Every structure is written in structure tokens, then in C-alpha cells.
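Asker: Sharing a structure, written as C-alpha cells. Questions coming.
Protein chains: 2
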Amino acid sequence: MIDKSSPLPIYAQIEEQIKRQIENGEFQAHHALPSEREYAEQFEISRMTVRQAINNLVNDGYLYRQKGRGTFVADKKLEQQLNGLTSFTEDMKARGLNPSSKLLSFEIIPANKKIASELHISLYAPVYEIKRIRLADDVPMALETVYMSANLIKGLTEEIINLSLYQYIENYVKLKMDYATQTLESSIASELEVTHLAIPKHSPILFIQRNTFLIDGTPLEYVKSAYRADRYKFTITITR
Amino acid sequence: MIDKSSPLPIYAQIEEQIKRQIENGEFQAHHALPSEREYAEQFEISRMTVRQAINNLVNDGYLYRQKGRGTFVADKKLEQQLNGLTSFTEDMKARGLNPSSKLLSFEIIPANKKIASELHISLYAPVYEIKRIRLADDVPMALETVYMSANLIKGLTEEIINLSLYQYIENYVKLKMDYATQTLESSIASELEVTHLAIPKHSPILFIQRNTFLIDGTPLEYVKSAYRADRYKFTITITR
DNA sequence: AACAGCAACTGGTCTAGACAACCACTAATA
DNA sequence: TATTAGTGGTTGTCTAGACCAGTTGCTGTT
Numbered sequence: 002m003i004d005k006s007s008p009l010p011i012y013a014q015i016e017e018q019i020k021r022q023i024e025n026g027e028f029q030a031h032h033a034l035p036s037e038r039e040y041a042e043q044f045e046i047s048r049m050t051v052r053q054a055i056n057n058l059v060n061d062g063y064l065y066r067q068k069g070r071g072t073f074v075a076d077k078k079l080e081q082q083l084n085g086l087t088s089f090t091e092d093m094k095a096r097g098l099n100p101s102s103k104l105l106s107f108e109i110i111p112a113n114k115k116i117a118s119e120l121h122i123s124l125y126a127p128v129y130e131i132k133r134i135r136l137a138d139d140v141p142m143a144l145e146t147v148y149m150s151a152n153l154i155k156g157l158t159e160e161i162i163n164l165s166l167y168q169y170i171e172n173y174v175k176l177k178m179d180y181a182t183q184t185l186e187s188s189i190a191s192e193l194e195v196t197h198l199a200i201p202k203h204s205p206i207l208f209i210q211r212n213t214f215l216i217d218g219t220p221l222e223y224v225k226s227a228y229r230a231d232r233y234k235f236t237i238t239i240t241r
Numbered sequence: 002m003i004d005k006s007s008p009l010p011i012y013a014q015i016e017e018q019i020k021r022q023i024e025n026g027e028f029q030a031h032h033a034l035p036s037e038r039e040y041a042e043q044f045e046i047s048r049m050t051v052r053q054a055i056n057n058l059v060n061d062g063y064l065y066r067q068k069g070r071g072t073f074v075a076d077k078k079l080e081q082q083l084n085g086l087t088s089f090t091e092d093m094k095a096r097g098l099n100p101s102s103k104l105l106s107f108e109i110i111p112a113n114k115k116i117a118s119e120l121h122i123s124l125y126a127p128v129y130e131i132k133r134i135r136l137a138d139d140v141p142m143a144l145e146t147v148y149m150s151a152n153l154i155k156g157l158t159e160e161i162i163n164l165s166l167y168q169y170i171e172n173y174v175k176l177k178m179d180y181a182t183q184t185l186e187s188s189i190a191s192e193l194e195v196t197h198l199a200i201p202k203h204s205p206i207l208f209i210q211r212n213t214f215l216i217d218g219t220p221l222e223y224v225k226s227a228y229r230a231d232r233y234k235f236t237i238t239i240t241r
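Spelled out as C-alpha cells, the structure:
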């Protein structure tokens with residue numbers, strides 16, 4: 002059950018196991034978990050290590066603690082939904098659709114005024130421009146254009162884009178993606194969008210601009226997306 | 002600096018101190034904190050206790066860690082901005098505009114299927130239907146329709162609506178508003194919207210549906226809004 | 001000038017205990 | 001019967017170490 006020689010830390014292994022048990026329904030909502038000491042004894046590890054695992058799950062909203070009583074399974078219903086989804090892939094999967102992409106173009110171009118301003122780089126600095134059609138269950142959903150500083154992310158190729166762009170970035174850049182701002186507006190499909198999305202002229206389009214930043218505030222990417230209004234609604238949940 | 006006999010745990014005392022130093026500007030954003038070992042030595046406590054304090058601050062977004070380098074102050078500025086703005090009034094004020102309203106109609110009607118489903122009430126139960134034009138600096142921005150259960154909120158009048166609807170609700174209902182879901186989509190202006198918003202035919206419209214819930218999950222209101230696409234963009238910030 | 005290797009840092013993980021605070025339950029007591 | 005005092009469970013806090021794994025800068029070699 003626990004592999005002490007695994008590169009995955011012990012506490013992470015415990016987290017995964019408990020999460021699995023919750024998702025499988027082995028642990029029902031508001032039912033008590035085994036106590037920390039029981040876990041420690043069972044896995045022959047220190048209680049502090051168990052606490053680290055449980056603390057993380059409490060912070061993620063899977064469990065809650067009550068001093069003197071025990072640790073219990075939270076009911077997830079709401080926060081399960083979608084809080085911080087950033088990628089098209091995650092978004093579509095959450096909707097039960099199968100996401101894919103078709104690369105339209107991939108170039109390095111000099112930054113124009115708008116791009117330079119969004120990415121906080123100088124005018125004419127080299128940027129990747131990646132144009133893709135995003136599909137869900139093989140139906141075109143959106144036309145997406147990504148801009149990223151070529152000086153920040155080096156060695157990007159078509160192959161990498163087609164595999165997993167964001168995985169490459171996370172590995173390449175030491176700092177992880179931290180936050181994003183999204184701006185949504187309504188507009189009418191341009192000629193380009195009509196062609197690639199296979200929609201009638203003058204169709205409504207949901208236009209989304211996303212700027213993603215690293216933890217130190219460096220802009221990582223600037224993305225423009227044109228979503229088909231007949232197929233895509235954007236939903237957010239605001240808490241508190 | 003640290004009182005070991007205080008009822009407030011040591012880690013909580015450290016948290017407060019670091020928070021204070023950040024707020025006072027003693028610790029600038031992205032500057033390194035003293036190392037965990039330094040804290041432990043200075044306060045003559047165990048390093049694990051220091052880690053507990055720092056972990057909490059990392060989870061709250063005040064700090065971030067980098068293995069091998071140190072612990073740094075995060076910049077909070079963004080999430081300070083707008084997290085959960087729900088009301089048109091707040092939204093417009095945040096944009097530096099002067100919000101106002103023009104009441105178009107105010108009636109009590111029997112809930113249709115859609116309304117009953119959104120408000121979790123029975124079909125034909127009485128609901129308020131409030132139609133308003135929302136203006137910013139006296140320019141029409143949106144056409145808004147609010148539905149609320151008349152059995153939940155009693156004694157609503159035109160006068161109250163024109164004063165402050167949400168203030169009345171907060172005072173009337175014991176439970177406060179807790180969370181909201183918003184759905185955004187792009188569409189084309191209907192005849193009604195063209196008339197009231199004074200826009201050309203076939204103009205793009207940003208359509209927003211908002212459902213607000215009380216802390217116990219009771220639906221409070223169901224709001225449909227049609228925003229002029231030429232004047233309104235919707236912005237959100239997603240963290241972590 | 002470029003490089004490799006080392007040393008001294010950093011945070012990450014983990015141990016094997018300890019005592020306190022709190023809770024539920026039971027048994028003894030007024 | 002109602003109250004109280006235990007008792008054995010839980011989580012909460014804390015210690016004083018250990019070793020691992022990254023990062024950085026220095027130092028000597030090439």
C-alpha cells in the first residue's frame with residue numbers, strides 16, 4: 002500500500018489513496034476516517050507524516066477535522082465544479098467532451114505594440130504565434146491564437162505543441178503558472194472565424210482573452226480565443 | 002517577540018508577525034524571508050514549528066517557496082482587486098462609472114418551468130419579476146430581469162427596488178448571500194433589447210445569467226442580463 | 001575564459017517521541 | 001436522578017534531530 006522507497010513522497014501516496022477511497026465511495030461524506038495514529042501504525046510511519054497528508058487534503062477541501070473527535074470526509078459537491086480552469090483541455094474534459102487540436106500555423110514574429118504590452122516585452126522582440134483550431138468531440142469549438150515570448154520559452158517546436166504545450170512549459174520554466182486574467186466579450190464572427198469554425202456569416206462569437214502569469218508576475222502567455230456561441234457557454238462560480 | 006507561554010500557538014504568533022511585516026512594507030514583494038533555520042534559531046524553537054507558520058502563509062497566498070533558494074513574499078495586488086463582485090452597482094463603481102437604473106416593470110407572476118427550476122420552487126409559485134435598464138454614466142448598458150421567490154422575500158415594493166434592493170434583502174433574510182454561479186454567452190440582440198438599449202439591429206450582446214444562493218443552498222435570485230457588447234467586457238481573475 | 005567540482009546554503013521529507021486540549025462515554029457519587 | 005470524576009479516545013502543538021535534493025557561488029584546473 003505504501004512504498005517507502007518510491008520517489009513519490011509517503012504523504013503524497015497517502016493522499017492519493019484517501020482521494021481514491023473517497024471517489025470510489027468507500028469513504029462516505031461525513032464519515033470518520035481512521036485516526037492518525039492508526040494510519041501511522043498501519044503504514045509503520047510517523048504520525049507527522051500522516052498529518053502532512055491529511056493537512057493537504059483538508060486544505061484542498063476533501064476532509065475536515067474536529068479536535069477531540071476525528072477527521073471526516075467533506076462533501077465536495079460545489080467546489081468539485083470548476084474554480085480555476087485555465088486550459089481548453091481541462092475545460093472540455095470537465096464537460097465530458099473529448100478535446101483535440103488542429104495546428105493552423107506556428108511562427109516566430111516580432112511583437113507588435115499590443116503583444117509587447119500584454120507580454121511586458123519590448124517592441125519587435127521575438128514571440129511565438131501559434132494558431133490552432135480547438136475541437137471537442139471532433140467539432141470545431143474555437144479558434145485560438147497564443148503569443149509567448151520566444152526569449153522566455155526556448156526551443157518550442159511543432160511537435161511539442163502537438164504533444165503537450167503546457168507540460169513542456171511547466172518543465173521548462175522553473176516557476177509555475179500562478180494566475181490568469183480572463184476578459185470575455187461578445188462579437189460577430191470575422192471572415193477567418195467563419196471559415197475555420199464552419200459557421201454562418203455574422204454568427205455571434207464569444208471572444209475570450211486570457212493572460213497567464215508566473216508567480217513572480219512575469220507574463221507567460223497572451224491568448225485570444227474565439228468560441229462558437231452556439232456551442233460554448235462560459236460558467237464560473239463565485240464564493241463567499 | 003515570541004511568547005512561548007501564550008495561549009496563542011507559536012506558529013500563529015509567527016504568522017501574525019510576518020503578515021504585519023508584509024503589510025508594513027518591511028518585506029517587499031519577491032524579497033527573500035529569513036531562512037527557516039534562522040527563524041528557528043532566533044526564536045529558539047524547532048524548525049518544524051517555523052514550517053507550520055510558513056506553510057499556512059503559503060496556503061493563504063502571502064508567501065511562496067522555491068526549493069534550494071528560499072521563501073519569498075508574494076504580491077497580493079491582484080486578488081485584492083475583484084473576487085466576488087455580484088452586483089451591477091459594485092461592478093460599475095469599480096470601473097469608475099456612475100451606476101443608475103430605470104425600472105421598466107415590476108410584477109408578481111406565477112413561475113414557469115424554467116424559473117421554478119432555477120429557484121427550486123414549485124411550478125406556478127408566485128415570483129417577483131423585475132425588469133430594469135441598467136445605466137452607467139446615464140448610458141444604457143444592460144437590460145436586466147430579476148426573478149425572486151415571493152414566498153421567500155415578502156413585502157417588496159417599487160420604492161424598495163428603486164432605493165436599494167440588495168440592502169433590503171440582506172436585512173430581511175437572516176442568512177447572507179453566499180455564492181453565485183454565472184454563465185456567459187454571446188448572442189444577437191432581440192427586438193426588445195434593440196429598443197431599450199438603443200443599439201442597431203443584429204448587434205452582439207453579452208448575455209449573463211446569474212444565480213445567487215444563500216449559505217444553506219437556497220436559491221435567492223435568478224437574474225438574466227443582456228449587456229451591450231460595445232460597452233461591456235467581463236473580466237475575472239483566476240488564482241492558483 | 002570556460003569549466004568542473006566542491007561547499008555552504010536553501011527548502012522537502014521524515015522520525016519517534018512528548019504533552020495539551022478536547023470529546024464521548026462510563027462509573028461512582030451526592 | 002442528576003452531577004461529577006474518570007478514562008481512553010481524538011486532534012493540536014512542539015521538539016531535536018536526520019537525510020535528501022535543489023541552488024548558488026567560489027575555487028582551482030584546464
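Going down the list, the sequences are from chains S and L. Numbered per our numbering, the first sequence spans residues 2 to 241. Numbered per our numbering, the second sequence spans residues 2 to 241. All residues carry an ideal CB built from backbone N, CA and C; glycine is no exception. Remember, predicted model here, so these are calculated numbers, not experimental data.
1) Of all the CB atoms in chain S, is at least one closer than 9 Å to the CB of residue 185 of chain L?
2) What are the boundary residues of the alpha helix (DSSP H) that includes residue 93 of chain L?
3) Going by other Cβ atoms of all chains shown within 10 Å of its Cβ, with 16 needed for buried, is residue 82 of chain L buried or exposed?
4) Measure the C-alpha to C-alpha separation of residue 55 of chain L and residue 58 of chain S and round it to an integer number of angstroms.
5) Going by DSSP, what residue range makes up the beta strand (DSSP E) through residue 133 of chain S?
6) Decide yes or no for the touch test of the segment 15-30 of chain L against the segment 219-226 of chain S: beta carbon pairs closer than 8 Å, at least 3 of them.
7) Pick helix, strand or coil for residue 27 of chain L, following the three-state DSSP scheme.
8) Would you call the segment 59-75 of chain L in contact with the segment 103-118 of chain L, where contact means no fewer than 3 C-beta pairs closer than 8 Å?
9) Please state whether DSSP places residue 78 of chain S in a helix, a strand or coil.
10) Which of helix, strand or coil does DSSP assign to residue 158 of chain S?
11) Return the CA-CA distance between residue 70 of chain S and residue 34 of chain S, expressed in angstroms with no decimal places.
12) Say whether the segment 154-168 of chain S touches the segment 199-207 of chain L, bearing in mind that this needs 3 or more beta-carbon pairs closer than 8 Å, one atom from each stretch.
13) Where does residue 36 of chain S fall in DSSP's three states?
14) Ignore the nearest five residues each way along the sequence and tell me which others in residue 7 of chain S's own chain have a CB closer than 7 Å to its CB.
15) Along the segment 208-238 of chain S, where does the CB come closer than 7 Å to a CB of chain L? Name the residues.
16) Look up residue 44 of chain L in the DSSP assignment and give the residues it is bridged to.
17) Considering only C-alpha positions, which residue in the set S:186, S:148, S:101, S:180 is nearest to residue 232 of chain L?
18) Alpha carbon to alpha carbon, how far is residue 182 of chain S from residue 64 of chain L? Give it in angstroms, no decimals.
19) Under 9 Å between C-beta atoms, does residue 143 of chain S make it to chain L?
20) Quick check on residue 12 of chain L: does DSSP put it in helix, strand or coil?
21) Quick check on the burial criterion: 16 or more other C-beta atoms within 10 angstroms. Buried or exposed for residue 121 of chain L?
22) State yes or no: is the C-beta of residue 146 of chain L within less than 9 Å of the C-beta of residue 130 of chain L?
23) For residue 170 of chain L, does the three-state DSSP call read helix, strand or coil?
24) Among S:210, S:164, S:165, which one has its Cα closest to the Cα of residue 184 of chain S?
25) Chain S beta carbons: is any one of them nearer than 9 Å to that of residue 203 of chain L?
26) Below 8 Å CB to CB, which residues in the same chain sit around residue 197 of chain S once its five sequence neighbours on both sides are set aside?
27) Under 7 Å Cβ to Cβ from residue 199 of chain L, same chain only, skipping five residues before and after it: list those, please.
Answerer: Taking the structure as given:
1) For the purposes of this step, residue 185 of chain L is identified with residue 184 of the second sequence, where counting begins at 1. It does: the Cβ of residue 185 of chain L has a partner Cβ on chain S nearer than 9 Å.
2) If you number the second sequence from 1, residue 93 of chain L lands on position 92. Here the alpha helix (DSSP H) through residue 93 of chain L covers 89-95.
3) For this step, residue 82 of chain L is matched to residue 81 along the second sequence. Low confidence applies to residue 82 of chain L: its pLDDT is 42, below 50, so where it sits in the model is not reliable, and the reading given next is rough at best. With fewer than 16 other Cβ atoms within 10 Å, it is exposed.
4) On the second sequence, position 54 is the one that residue 55 of chain L refers to. On the first sequence, position 57 is the one that residue 58 of chain S refers to. Cα to Cα, residue 55 of chain L sits roughly 18 Å from residue 58 of chain S.
5) The residue you call residue 133 of chain S lines up with position 132 of the first sequence. Where residue 133 of chain S is concerned, the enclosing beta strand (DSSP E) stretches over 127-137.
6) no
7) The residue labelled residue 27 of chain L in the question sits at position 26 within the second sequence. It is coil, neither helix nor strand.
8) no
9) To locate residue 78 of chain S, count along the first sequence from 1; it is residue 77. With a pLDDT of only 47 at residue 78 of chain S, under 50, the local geometry of the prediction cannot be trusted, and the value read off the model is given with reservation. Coil.
10) As a first step, residue 158 of chain S must be located in the first sequence, where it is residue number 157. In this structure, residue 158 of chain S counts as coil in the three-state DSSP scheme.
11) Numbered from its first residue, the first sequence carries residue 70 of chain S at position 69. Numbered from its first residue, the first sequence carries residue 34 of chain S at position 33. Taking the straight line from one Cα to the other gives about 11 Å.
12) no
13) The count along the first sequence starts at 1 and reaches residue 36 of chain S at position 35. In this structure, residue 36 of chain S counts as coil in the three-state DSSP scheme.
14) Residue mapping note: residue 7 of chain S aligns to position 6 of the first sequence, counting from 1. The residues are 14.
15) 216, 217, 218, 230, 234, 235, 236, 237, 238
16) For the purposes of this step, residue 44 of chain L is identified with residue 43 of the second sequence, where counting begins at 1. In DSSP, residue 44 of chain L forms no bridge with anything.
17) Position 231 of the second sequence, counted from the start, is the residue given in the question as residue 232 of chain L. Among S:186, S:148, S:101, S:180, the Cα nearest to that of residue 232 of chain L belongs to S:186.
18) Translated into the one-based positions of the second sequence, residue 64 of chain L becomes position 63. Translated into the one-based positions of the first sequence, residue 182 of chain S becomes position 181. Looking at the two C-alpha atoms, the distance is approximately 20 Å.
19) Numbered from its first residue, the first sequence carries residue 143 of chain S at position 142. So, not an interface residue.
20) Start at 1 with the first residue of the second sequence, and residue 12 of chain L comes out as number 11. If DSSP states are grouped into helix, strand and coil, residue 12 of chain L belongs with the helices.
21) Residue 121 of chain L sits at position 120 when you count from the first residue of the second sequence. Exposed, by the Cβ-count rule.
22) Translated into positions along the second sequence, residue 146 of chain L becomes position 145. Translated into positions along the second sequence, residue 130 of chain L becomes position 129. Cβ distance < 9 Å, so residue 146 of chain L and residue 130 of chain L count as in contact.
23) Locating residue 170 of chain L in the second sequence gives position 169, where the first residue counts as 1. Here residue 170 of chain L sits in helix by DSSP.
24) Position 183 of the first sequence holds residue 184 of chain S. Cα-wise, what sits closest to residue 184 of chain S is S:210.
25) Taking the first residue of the second sequence as 1, we reach residue 203 of chain L at position 202. Yes, its Cβ sits closer than 9 Å to a Cβ of chain S.
26) The count along the first sequence starts at 1 and reaches residue 197 of chain S at position 196. Result list for residue 197 of chain S: 105, 134, 141, 144, in chain order.
27) For the purposes of this step, residue 199 of chain L is taken as residue 198 along the second sequence, with counting starting at 1. So the qualifying residues of the chain are 141.
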